[in-house]
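Since the structure comes first, as structure tokens, the remarks are kept for the end.
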Amino acid sequence: MLSQYMEELEQEPFEVSQFVERLTWRTNNECNNSDKISKTEAVIAAGVEDFNPTALHETFTQTIKDLKILQEKQQTKCERLEESLRQEQEAHLSVDTLHMIQFTVEGV
231 MLSQYMEELE
241 QEPFEVSQFV
251 ERLTWRTNNE
261 CNNSDKISKT
271 EAVIAAGVED
281 FNPTALHETF
291 TQTIKDLKIL
301 QEKQQTKCER
311 LEESLRQEQE
321 AHLSVDTLHM
331 IQFTVEGV
């Protein structure tokens, strides 16, 4: 499920309201499809009379948990990349410093 969220979150431009709407539709369709009805009937049945607030609440709660996990993973990945960049910058700075020293010594 996390990979599905990533696909949706990486869409440009990302619209929160559309994400929530798709999540709501999927939840309603899953509830209706669990009763073994056709897709057409599921669309028709997705009306207010078949609204399942408990299922929607559970879906939103689980999605929030999943998104928090995804955020933690992305944060960890970002921190690793930032550390790698910092190390690379330090390495380049060391090389640049050596070149400057060499240039200064040769110039004297």
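Heads up: the sequence shown runs through residues 231 to 338, numbered per the working numbering.
Glycine residues also receive a C-beta, built at the ideal position from the N, C-alpha and C atoms.
>> Can you check which of these residues, 286, 301 and 321, is closest to residue 261 by C-alpha distance?
In response: 286
>> Suppose you measure from the CA of residue 339 to the CA of residue 248; what does that come to, to the nearest Å?
In response: As shown, the chain starts at 231 and ends at 338. That puts residue 339 outside it, with no answer to give.
> Apart from the five residues just before and just after residue 239, which ones in its own chain have a Cβ nearer than 6 Å to its Cβ?
Replying inline: none
> Does the distance from the CB of residue 300 to the CB of residue 232 come in under 8 Å?
Replying inline: yes
> When the Cα atoms are used, what is the spatial distance from residue 258 to residue 302?
Replying inline: 29 Å
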